[in-house]
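Protein chains in written order, with UniProt numbering: chain A, 1 to 212; chain B, 1 to 212; chain C, 1 to 212; chain D, 1 to 212.
Protein chains: 4
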Amino acid sequence: MKRKKIPSLVKDQKLVERRRKQIIEAAVECYKEKGFHKTTTREIAEKAGFSIGTLYEYIRKKEDVLYLVCDAIYEEVQRKAAEAIGFHTDAVVQLKRALFGYFSVMDSMQDEVVVMYQEVKSLSKESLPYVLKKERDMEEVFEELLTRCVAEKRLSLLQKEIRCAANNLVIAGQMWAFRRWTLQEAYDINTYTELQWRLLYFGMKHVSEVTE
Amino acid sequence: MKRKKIPSLVKDQKLVERRRKQIIEAAVECYKEKGFHKTTTREIAEKAGFSIGTLYEYIRKKEDVLYLVCDAIYEEVQRKAAEAIGFHTDAVVQLKRALFGYFSVMDSMQDEVVVMYQEVKSLSKESLPYVLKKERDMEEVFEELLTRCVAEKRLSLLQKEIRCAANNLVIAGQMWAFRRWTLQEAYDINTYTELQWRLLYFGMKHVSEVTE
Amino acid sequence: MKRKKIPSLVKDQKLVERRRKQIIEAAVECYKEKGFHKTTTREIAEKAGFSIGTLYEYIRKKEDVLYLVCDAIYEEVQRKAAEAIGFHTDAVVQLKRALFGYFSVMDSMQDEVVVMYQEVKSLSKESLPYVLKKERDMEEVFEELLTRCVAEKRLSLLQKEIRCAANNLVIAGQMWAFRRWTLQEAYDINTYTELQWRLLYFGMKHVSEVTE
Amino acid sequence: MKRKKIPSLVKDQKLVERRRKQIIEAAVECYKEKGFHKTTTREIAEKAGFSIGTLYEYIRKKEDVLYLVCDAIYEEVQRKAAEAIGFHTDAVVQLKRALFGYFSVMDSMQDEVVVMYQEVKSLSKESLPYVLKKERDMEEVFEELLTRCVAEKRLSLLQKEIRCAANNLVIAGQMWAFRRWTLQEAYDINTYTELQWRLLYFGMKHVSEVTE
DNA sequence: AATGAATGAGCCTTCATTCAT
DNA sequence: GATGAATGAAGGCTCATTCAT
């Protein structure tokens, strides 16, 4: 499943890209402040610096902006995360670096993450899958890293445990943004990252031990 | 911080309570289906079985319904969770029971949890704190259980680690509902609960070990 | 095919009827002046004497007003025509009276007829048939009268000629309104009626004669 | 009253003519499908094969296209009708031929006729007369033919009856297109033409007889 | 001459809220 | 207390027209 194409009346692809970047930027700012529903298309146009008519040259419906925004956020998260991961011969070290990189992205994109969390549900039944796919991709990045750790006997997760663990990693990062009202009251990003790394890492390391 | 009082034009407290129960029930159903913003007050009134005029005898603004709903959901979660926890002499057993009970509630109230997750942000700046307080209460329930485990040397969490761990427990439960599109594709509630228990438990047990 | 029911949010049937009468009256006036497309719903509401919100309590879409108008016009034409026809033992006399009555109605409802002629095409594919049916009904009234004339040997139309002749009668009346820019420059309604009666009547009387 | 001149920004007359032909062709197609009001200038430009900017080099306002279309249709009707009429020494034969020719044109230009009937009213008060004049010209063609028939004693119409009769001839043809939903259900063009010829001809032949 | 991006007035429609009955 | 008709602000979206390139 690729990115969904939103048609534009304007033909110049370069221009479309530039204008849409403006739109997204403006929209994110508005969404942060008042959410998707309370943001009017006029506000977005205005903040983007052009008229309402022009806005509609680059989208078809209000919801298109939301899709554009969600898509852009994921794109950026993935891009930043990917470049943060790098590679290391030691599987666990790589996993750790990936997590730290991902958490750092979550920290720097807090607002965007919150927007995503709260507005995804407003996407149409048609657009939603495209976005969920990207979320799932994120999960899979960690699944693969975990799989490598398991393959190299650095973690002893069962096959079925990997997905759950990967989920936890992904979520832990997002929650830094989404539950900032409580978490950021108690920790700074470094402390939080370190803490979560250990909680999650040791969980994964010892999960196969017998328990009561 | 107590529950926030929503004024009603109707004097008879009994009646107010009965009607509001109807309102909440109707609203939750609507929110599940289309979210807060796309649900009209008319729909709520209709589904509740009375006229739009009557609805406004029991609330002042559309948002009041959302508050009522959020409040009611938390109330129910807490009530059910509380009765599920019970007591056990062994601190870890009690923690485990609490977690299992909580997860079971999350499973049975999936829709409600999703509604909460997606609509809280629509609460006014004024109402939000009341609701976040309840969320925080949930966290504290687990913080206390963890504190007891630590006190009885069953877990060796540092003071500052407790809050983060408690957060993870709370979140893990909510995610069963909120990320059902991915998690429930892979697990059933029992498997998920068991898995998370072990991942989280061992994480908390071994978190203080030295790590690379 | 009965009249199509346009749903209303207002329950009081009596009120619905009264308000819709106002709407129709206002709309006809607007349509006369500027046509359906250039008439705004606000203008209709205003001319009808209530707010735009109220208008939409009695219709769903702008086009509903058009349907209401078309339906009302036909209803009135039929009602007036019916009461004008009466009965006479002599079939031809009855036909003549019917025609004269019909023409008189066309004369008194000129504006409405013109509106109909020009706006019917704006009805949705869904509504159109209901209106065309009424037009066809009009035709059939004359077909029956002609059939009686034929049965009583007062006219010698072949079966297949009846429909065409009936059409001509119907049209001749409508044209008094629709082509008033030319016809009413040359005739008054009485002259026109008398003239058409004779042209059409003798046509029908002698149509079966051999022609070159 | 001549044709009304629509100014163009482009100097080259040849080009103007060519482009306008394209515009008209495109517009007619659009009007057939959705009427004047629902057709956008963009659609016309696109279907004509050039840009919206270019369209506005050849017209000033949307309505200009409508005028161009109406004018073109009449032009074509007249041209085709004229070439169909021919000449015959016998006045009635010529009348008949003219009618048959005219009906045949109406048949082949059904869509255009319908467009005209429904959109003329959308012409500005300023343009309308030019178009009505052409309609009147059509009438006059038949008035003249009828006058000749009368002069040669082949028909005994009174002076004032000629215009009405001519009107009926013109209308009968147009109705084949405009009321095709009912007429073409019952007849084919040949039957219809023959039938109308006889109904109208005998009407005109015997109109001066005394009637009840 | 041709292009097509930009504009913004304006339209239809919805819906939270009020208030007379 | 209950009802539901009335209100009108507000929002999404369209499209004729312009103008810089």
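Where is the CB? At the ideal position from N, CA and C, for every residue including glycine.
Residues Val28, Ile73 of the same chain have their beta carbon placed closer than 7 Å to that of Glu112 of chain B, with the five preceding and five following residues left out of the count. Contacts with chain C at 8 Å (Cβ-Cβ) do not include Gly173 of chain D. Cys70 of chain D is positioned such that its CB atom lies closer than 8 Å to that of Val131 of chain D. Between Gln118 of chain A and Gly35 of chain A, the gap from beta carbon to beta carbon is short of 8 Å.
Per DSSP, the unbroken alpha helix (DSSP H) holding Arg79 of chain A starts and ends at 62 to 85. Here Gly173 of chain C is buried: its Cβ has 16 or more other Cβ atoms, across all protein chains shown, within 10 Å.
In the three-state scheme derived from DSSP, where H, G and I count as helix and E and B as strand, Val115 of chain C is classed as helix.
Against Val131 of chain A, chain B offers no close residue; the least beta-carbon distance is about 11 Å (beta-carbon pairs closer than 9 Å).
In this model, Arg60 of chain D and Arg136 of chain D are separated by some 27 Å (Cα to Cα). DSSP, reduced to helix, strand and coil, places Lys14 of chain B within a helical segment of the structure shown.
Shortest Cα-Cα distance from Ala186 of chain A to any of B:Val207, B:Lys21, B:Glu161, B:Tyr192 involves B:Glu161.
Taking a cut-off of 8 Å for Cβ pairs, the region 30 to 48 of chain C and the region 197 to 212 of chain B do not touch, as fewer than three such pairs fall below it. For the set B:Phe178, B:Arg20, B:Cys164, B:Ile189, the Cα lying nearest the Cα of Arg180 of chain A is the one of B:Cys164. Between Leu123 of chain B and Leu66 of chain B, the beta carbon gap of about 6 Å places them in contact (Cβ cut-off 8 Å).
Apart from sequence neighbours up to five positions away, the residues of its chain that approach Leu157 of chain B with a beta-carbon distance below 7 Å are Leu146, Val150, Ala165, Met204, Val207, ordered along the chain.
For Met109 of chain C, no CB of chain D lies under 8 Å from its own CB, so it is not counted at the interface with that chain.
Look at Ile162 of chain C here: in three-state DSSP terms it is helix. In this structure, D:Thr54 is the residue among D:Tyr31, D:Thr54, D:Cys30, D:Arg3 with its C-alpha nearest to the C-alpha of Val16 of chain D. Residue environment for Ser51 of chain C: exposed (fewer than 16 other C-beta atoms within 10 angstroms of its C-beta). Ranked by how close their Cα comes to the Cα of Lys125 of chain B, the residues B:Ser8, B:Gln22, B:Asp64 have B:Asp64 in first place. With contacts defined by Cβ atoms closer than 8 Å, Thr182 of chain D and Glu143 of chain C do not form a contacting pair. By the neighbour-count criterion, in which 16 or more other beta carbons inside 10 Å mark a residue as buried, Gln159 of chain D falls on the exposed side. Counting along the chain, the unbroken alpha helix (DSSP H) around His206 of chain C starts and ends at 189 to 206. In the displayed model, Asp90 of chain C falls within coil according to three-state DSSP, outside both helix and strand.
The C-beta distance from Ser8 of chain C to Tyr58 of chain C rounds to 5 Å, short enough to meet the 8 Å contact threshold.
Put simply, the CB of His88 of chain A is far from chain B, with every gap to its CB atoms at 8 Å or more.
With a threshold of 8 Å between beta carbons, Val77 of chain A makes no contact with chain B. Annotation: the continuous alpha helix (DSSP H) that includes Phe142 of chain C extends over 128 to 151. Identification of chain A residues near Phe202 of chain B by a Cβ-Cβ cut-off of 7 Å yields Phe202, Gly203, His206, Val207, Glu209, ordered along the chain. A Cβ of chain A is located within less than 8 Å of the beta carbon of Asn167 of chain B. Here Met109 of chain B is actually not in contact with Val141 of chain B; their C-beta atoms are around 16 Å apart, not less than 8 Å.
Look at Glu161 of chain A: its C-beta is under 8 Å from a C-beta on chain B. In this structure, Glu152 of chain A sits away from Ala82 of chain A, with a CB-CB distance that is not shorter than 8 Å. Against Gln118 of chain D, the close residues of chain C are Gln118, Lys121, in the order they occur along the chain (beta-carbon pairs closer than 7 Å). Interface flag for Thr182 of chain D against chain C is set, since a Cβ pair is found closer than 8 Å. The beta-carbon of Gly101 of chain A is placed no less than 8 Å from the nearest beta-carbon of chain B.
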